[in-house]
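In terms of UniProt numbering, the sequence shown opens at residue 1 and continues consecutively. Think of the CB as a built atom: it goes at the ideal place given N, C-alpha and C, for glycine as much as any other residue. Input: a single structure, listed below in structure tokens.
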Amino acid sequence: MSNNDPYASPQGDQPHYGQQPQYGQQPQYGQQPQYGQQPQYGQPQYGAPQGYGQPLQAPYGQQPYYGGPQQFGATLPPLAHWGQRVGAYLIDGLVLLPGYLLIIPGYVQLVSSTTTSRRCFDYSDPNTCYTVNHSGSISPAFVLLMLLGFVVMFGLLIWNRWIKGGKGQSIGKKALGITLVSEQTLAPIGGGKAFLRDLAHMLDSFLCDLGYLWPLWDSKRQTFSDKIVGTLVVQGPPPGGEKR
């Protein structure tokens, strides 16, 4: 009867059940040390999907792919105030002062040597009289000074407004902490566009300098020339620092 009792034979099965090495080692099923250590489970198996996770985190974390094409909306610095722009314009005018100082002496001599005379068809009738201006003479030395002054003034204009200005900051803009950039890329516009922008300032002079006043109420604080060329004046240094 003891042989037929299923509960009476634990000793027969005990060697196979109680040894536990063959069942507990789990050599090919999982080798519980490798599964339980969690570094090997997380690194090769769970970490392998990092190839899936990394492509998501890299573009999302870096944000250049999202922000690059949308730099205007994402990284736009504060726009320059109207007072800052006026101050920068006045300082840029002072940069041309050496040229004016060379021109003024010759101009003064030319004006002072100019004379006028009164002529009449009938001296008894004042209504027949008229005034004649006689141009004065100017010495060759003053002529050379005036020519040198124009060369210096034009050279300073090219250097300050179109070379330095094309890189983002003229002398005046640097002094006021503002920068000229492209509306699309927020990068300096280069000397060619800086020259075209100065030409477009002629439109700003129409209707009592209305274009120069336009930034006071414009949402982007642009003059007419800014809108034509596609530029903004923002606060702060040029992108990547000052370019010499």
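With fewer than three CB-CB distances shorter than 8 Å, the segment 179-199 does not count as touching the segment 96-105. Collapsing the DSSP output to three states places Ile163 in a helix. Sorting Leu176, Asp122, Pro126 and Val152 by C-alpha distance to the C-alpha of Gly87 places Leu176 at the top.
A direct Cα-to-Cα measurement between Leu232 and Pro188 gives close to 10 Å. Assigned with DSSP and collapsed to three states, Ser139 falls in coil, not helix or strand. Under DSSP, Tyr130 forms a beta bridge with Arg119.
Distance between Trp82 and Gly236, taken at the CA atoms: about 15 Å.
With fewer than 16 other CB atoms across the displayed protein chains lying within 10 angstroms of its CB, Met202 is exposed. Here Gly166 is near Ala194, since their CB atoms are less than 9 Å apart.
For Leu180, the number of other beta carbons within 10 angstroms of its own is at least 16, and it is reported as buried. Under the three-state reduction of DSSP output, Leu232 falls in the strand class. About 6 Å separates the CB atoms of Val143 and Gly106; that is less than 8 Å, so the two are in contact. Contact between Val234 and Ile163 is absent: CB atoms are separated by about 20 Å, not below the 8 Å threshold. Annotated three-state conformation of Ile178 is strand, per DSSP.
In the structure shown, the three-state DSSP call for Leu79 is strand. Counting C-beta atoms within 10 angstroms of its own C-beta, Trp214 has 16 or more neighbours from the protein chains shown and is therefore classed as buried. In the structure shown, Lys220 falls within a coil segment according to DSSP collapsed to helix, strand and coil.
Ile138 has its alpha-carbon roughly 13 Å from the corresponding atom of Leu147. Burial state of Ala80 is buried, judged by a 10 Å Cβ sphere holding 16 or more other Cβ atoms.
Here DSSP, grouped into helix, strand and coil, assigns Ile189 to coil. According to the DSSP assignment, Pro105 belongs to the alpha helix (DSSP H) that extends over Leu97 to Ser112.
A residue is called buried when at least 16 other Cβ atoms come within 10 angstroms of its Cβ; Gly155 does not meet this threshold and is exposed.
Around the CB of Gly168, 16 or more other CB atoms lie within 10 Å, so the residue is classed as buried. Listed in chain order, the non-local C-beta contacts of Val152 below 8 Å within the same chain comprise Pro98, Gly99 and Leu102, local neighbours out to five positions each way being set aside.
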